[in-house]
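Peer 1: All you need for my numbering is the position in the first sequence, starting with 1, plus 795.
Virtual Cβ for every residue (Gly too), placed ideally from N, Cα, C.
Predicted model, so just to flag it, every value in this text is computed and none were measured.
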Amino acid sequence: MTAIRYELIKTCKQTGARLGRVHTPHGSFETPIFMPVGTLATVKTMTPEELKAINAEIILSNTYHLWLRPGEDIVQEAGGLHQFMNWDRPILTDSGGFQVFSLSDLREIEEKGVHFRNHISGEKLFLTPEKATQIQNALGSDIMMAFDECPPFPAEHKYMKDSVERTSRWAERCLAAHQRPEDQGLFGIVQGGEYKDLRKQSAQDLTSLDFPGYAIGGLSVGEPKEIMNEMVEYTTQFLPTDKPRYLMGVGSADSLIDGAIRGIDMFDCVLPTRIARNGTLMTSQGRLVVRNAKFARDFSPLDPNCDCYTCKNYTRAYIRHLIKTDEILGLRLTTYHNLYFLLNLMEQVREAIKADRLGDFREEFFENYGFNKPDAKNF
RNA sequence: GGAGGGAUAGCGAAGUUGGUCAAACGCGGCGGACUGUAAAUCCGCUCCCAUCGGGUUCGUAGGUUCGAGUCCUACUCCCUCCA
């Protein structure tokens, strides 16, 4: 009996996108889905009640960061991550593999694991597949991620091949170390960068280990979007259709739609929450930098087509004022809106799949958002 | 009335053995970036015109000097203390 089960409901006749349902020990959710990121056991600025109000079904947290603070033992003592942070819906924990990438200046990789320099204290740490698994077992997340290496782009083929093979060996070690397969599902992560042969090899290595779900990692790390889409499209053919597929770290509106069209079921990204705190909003008409002076006297909502709490009650001028004056409410209102926007977008994507018209939806959305403009960039 | 201190770019504030000063730094302003969160962060620009480059600045007016934000004189204003 596995903790995670995927149910394929239907496939979009127009695009091949999958409508599905993932069942977890803390309830189920429909896919394709976007998962807000709450690295330190909190989606920055948002209470669990607010997350529920915008229909967040599953959120992320992070092994590396919770290991450092407060320590997985404290979370376990609190009764697990769900109880600790007062979130009773599903939680997915990333393994720390992304920190191998993002903290690359502070770490050293070897076969057994990765030496880190604690980015807060400078203390020397050693994270292994076994340790990352043990921490996630202690945290009690519904979906755990295998400890992988997320290599940078670009990387030499030779380096990537070694990395992919090591990640596969690590995945096997994670599986072996996993103490609670009945309560927590462990996903494998396909790597391989921009190299098809390595993507294929990685996918085959991992599927032979039979994980309850598979992630595609190592994308959205600086490569062109065409390469990302190509790699996603190429990789999914080697993944089983009866398991969920998770494209890690992707959260721009266009990439979510294009990912769903290529058979992706789950996405996560810090983008909506991070750019919200920095004063950029996602709207049906494209990105809006509310900090800009031109909004100083704009008393319309962030997105006229949005019915979230922020858009129903506050103006661009007011939110600009809050952001410019470093008022905490500004961060909350913008974060709320951006998450609502992506969650709502995915709801529309699911509806479009049900109606076999995701291709049409994509066209309409891209047109409004401005992706079709010749000078479209950085969405 | 007397003694002393000070006036630097939108604001605050460095700079006073005269040259390497269009003038540090902070704030403010303007713009950009952000994709499994070292992020309420980071990066540019911020006297005027301009592609190089040029033109005007450091309270005001003179002066010394090859050269002055930096030295001298007068004036204006501000602050502190004494009458």
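Hey, would you say residue 1039 sits closer than 8 Å to residue 834, going by beta carbons?
Peer 2: Counting from one through the first sequence, the residue named residue 1039 turns up at place 244. Counting from one through the first sequence, the residue named residue 834 turns up at place 39. No, these two residues do not count as a Cβ contact at 8 Å.
Peer 1: DSSP three-state call for residue 1033: helix, strand or coil?
Peer 2: In the first sequence, residue 1033 corresponds to position 238, counting from 1. Note: residue 1033 maps to coil in three-state DSSP.
Peer 1: My output table needs one value for residue 1015: the three-state DSSP class, helix, strand or coil.
Peer 2: Walking along the first sequence from the start, residue 1015 turns up at place 220. DSSP places residue 1015 in coil when its eight states are reduced to three.
Peer 1: Secondary structure at residue 1175, three-state DSSP: helix, strand or coil?
Peer 2: This structure cannot settle anything about residue 1175, because the visible part of the chain is limited to 796 through 1174.
Peer 1: Could you tell me whether the stretch 978 to 987 touches the stretch 931 to 938, using the rule of 3 or more Cβ pairs below 8 Å?
Peer 2: Touching, yes.
Peer 1: Which residues bound the beta strand (DSSP E) around residue 813?
Peer 2: Indexing the first sequence from 1 puts residue 813 at position 18. Taken as a continuous stretch (DSSP letters only), the beta strand (DSSP E) holding residue 813 covers 813 to 819.
Peer 1: Under a three-way DSSP split, which group does residue 1125 fall into?
Peer 2: Position 330 of the first sequence, counting from 1, holds the residue named residue 1125. Correct three-state label for residue 1125: helix.
Peer 1: So what does DSSP say about residue 1173, is it helix, strand or coil?
Peer 2: For this step, residue 1173 is matched to residue 378 along the first sequence. Per-residue confidence for residue 1173 stands at a pLDDT of 48, beneath the threshold of 50, marking its modelled position as unreliable; no derived number is given.
Peer 1: Would you give the residue range spanned by the alpha helix (DSSP H) that residue 1067 belongs to?
Peer 2: Reading the first sequence from its first residue, position 272 is the one you call residue 1067. Unbroken alpha helix (DSSP H) run through residue 1067: 1066 to 1072.
Peer 1: Across which residues does DSSP place residue 803 in a beta bridge pair?
Peer 2: For the purposes of this step, residue 803 is taken as residue 8 along the first sequence, with counting starting at 1. Looking at the DSSP assignment, residue 803 forms a beta bridge with 815.
Peer 1: Looking at residue 893: is its Cβ nearer than 8 Å to the Cβ of residue 1141?
Peer 2: Taking the first residue of the first sequence as 1, we reach residue 893 at position 98. Taking the first residue of the first sequence as 1, we reach residue 1141 at position 346. No, they are not a contact pair.
Peer 1: Candidates 1152, 973, 951: which alpha carbon is nearest residue 993's?
Peer 2: As a first step, residue 993 must be located in the first sequence, where it is residue number 198. Per the Cα distances, 951.
Peer 1: Please classify residue 962: is it buried, with 16 or more other beta-carbons within 10 angstroms of its beta-carbon, or exposed?
Peer 2: Position 167 of the first sequence, counting from 1, holds the residue named residue 962. Classification for residue 962: buried.
Peer 1: Here's the rule I'm using: 16 or more other beta-carbon atoms within 10 Å means buried, otherwise exposed. How should residue 787 be labelled?
Peer 2: Because residue 787 is not part of the residues shown, which for the chain are 796 to 1174, the question remains open.
Peer 1: Compute the Euclidean distance between the alpha carbons of residue 818 and residue 857, then round it to the nearest angstrom.
Peer 2: Within the first sequence, the letter at position 23 stands for residue 818. Within the first sequence, the letter at position 62 stands for residue 857. About 21 Å.
Peer 1: Determine the closest residue to residue 986 out of 976, 975, 974, 999, with distance taken between C-alpha atoms.
Peer 2: Position 191 of the first sequence, counted from the start, is the residue given in the question as residue 986. It is 999 whose Cα lies nearest to the Cα of residue 986.
Peer 1: Please confirm whether residue 1078 and residue 1098 have their CB atoms less than 8 Å apart.
Peer 2: Here residue 1078 refers to the residue found at position 283 when the first sequence is read from its first residue. Here residue 1098 refers to the residue found at position 303 when the first sequence is read from its first residue. Yes, the pair counts as a contact, with Cβ atoms nearer than the cut-off.
Peer 1: Out of 1092, 846, 919, 867, point me to the one whose CA is closest to residue 1138's CA.
Peer 2: On the first sequence, residue 1138 is found 343 positions in, with the first residue counted as 1. That would be 846, whose Cα lies nearest to the Cα of residue 1138.
Peer 1: Assuming residue 912 is part of the beta strand (DSSP E), what are its boundary residues?
Peer 2: As a working mapping, residue 912 is identified with position 117 in the first sequence. Start and end: 909 to 912.
Peer 1: Would you please state the rounded distance, in angstroms, between the beta carbons of residue 1062 and residue 1051? I believe it to be under 8 Å.
Peer 2: To locate residue 1062, count along the first sequence from 1; it is residue 267. To locate residue 1051, count along the first sequence from 1; it is residue 256. Contact flag correct, Cβ pair sits at about 6 Å.
Peer 1: So if DSSP puts residue 984 in a beta bridge, which residue, or which two residues, is it bridged to?
Peer 2: Your numbering for residue 984 matches position 189 in the first sequence. Answer is 1010.
Peer 1: Who does residue 825 pair with in a DSSP beta bridge?
Peer 2: Taking the first sequence and counting its residues from 1, one reaches residue 825 at position 30. Looking at the DSSP assignment, residue 825 forms a beta bridge with 816.
Peer 1: Give the DSSP bridge partners of residue 921, in chain order.
Peer 2: Here residue 921 is taken as the residue at index 126 of the first sequence, counted from 1. Partner(s): 910.
Peer 1: So, at 8 Å on beta carbons, what are the nonlocal neighbours of residue 1173 in its own chain, with the 5 sequence-adjacent residues on each side left out?
Peer 2: The residue given as residue 1173 occupies position 378 in the first sequence. Low per-residue confidence applies at residue 1173: pLDDT is 48, beneath 50, and the placement is therefore not dependable, though the value from the model is reported in the following sentence. The answer, listed in chain order, is 1082.
Peer 1: Taking the alpha carbon of residue 865 as the reference point, which residue from 883, 837, 971, 884 has its own alpha carbon closest?
Peer 2: To locate residue 865, count along the first sequence from 1; it is residue 70. Per the Cα distances, 837.
Peer 1: Could I get the ranges of all uninterrupted beta strand (DSSP E) runs contained in the stretch 1058 to 1121, with 3 residues as the minimum, in chain order?
Peer 2: Qualifying beta strand (DSSP E) stretches, in chain order: 1061 to 1064, 1075 to 1078, 1081 to 1084.
Peer 1: To the nearest angstrom, how far is it from the Cα of residue 934 to the Cα of residue 861?
Peer 2: Position 139 of the first sequence, counted from the start, is the residue given in the question as residue 934. Position 66 of the first sequence, counted from the start, is the residue given in the question as residue 861. Taking the straight line from one Cα to the other gives about 9 Å.
Peer 1: Quick check: the stretch 941 to 950 against the stretch 895 to 903, are at least 3 beta-carbon pairs closer than 8 Å?
Peer 2: Touching, yes.
Peer 1: Give the secondary structure of residue 888 by DSSP, where H, G and I count as helix, E and B as strand, and everything else as coil.
Peer 2: Sequence index remark: in the first sequence, residue 888 carries index 93 (1-based). In the structure shown, residue 888 sits in a strand (DSSP, three-state: E or B).
Peer 1: Excluding the 5 residues flanking residue 873 on each side, which residues of the same chain have their C-beta closer than 6 Å to its C-beta?
Peer 2: On the first sequence, position 78 is the one that residue 873 refers to. Only 879 meet the Cβ criterion.
Peer 1: Let me check one thing: in DSSP terms, what residues is residue 903 bridge-paired to?
Peer 2: If you number the first sequence from 1, residue 903 lands on position 108. According to DSSP, residue 903 bridges with 910.
Peer 1: What are the residues that DSSP puts in a beta bridge with residue 854?
Peer 2: Taking the first residue of the first sequence as 1, we reach residue 854 at position 59. Residue 854 is bridged to 886.
Peer 1: Could you spell out where the alpha helix (DSSP H) holding residue 938 opens and where it closes?
Peer 2: Within the first sequence, the letter at position 143 stands for residue 938. No alpha helix (DSSP H) contains residue 938, which is instead part of the beta strand (DSSP E) from 938 to 940.
Peer 1: Report the partner residues of residue 1042 according to the DSSP bridge assignment.
Peer 2: Residue numbering aside, residue 1042 sits at position 247 when the first sequence is read from its first letter. 1011, 1062, per the DSSP bridge assignment.
Peer 1: Please classify residue 841: does DSSP put it in a helix, a strand, or coil?
Peer 2: Here residue 841 corresponds to residue number 46 of the first sequence, with the count starting at 1. It is coil, neither helix nor strand.
Peer 1: Can you tell which of 1026, 964, 853, 1125 has the C-alpha that lies nearest to the C-alpha of residue 820?
Peer 2: Reading the first sequence from its first residue, position 25 is the one you call residue 820. Taking only the C-alpha atoms, the option nearest residue 820 is 853.
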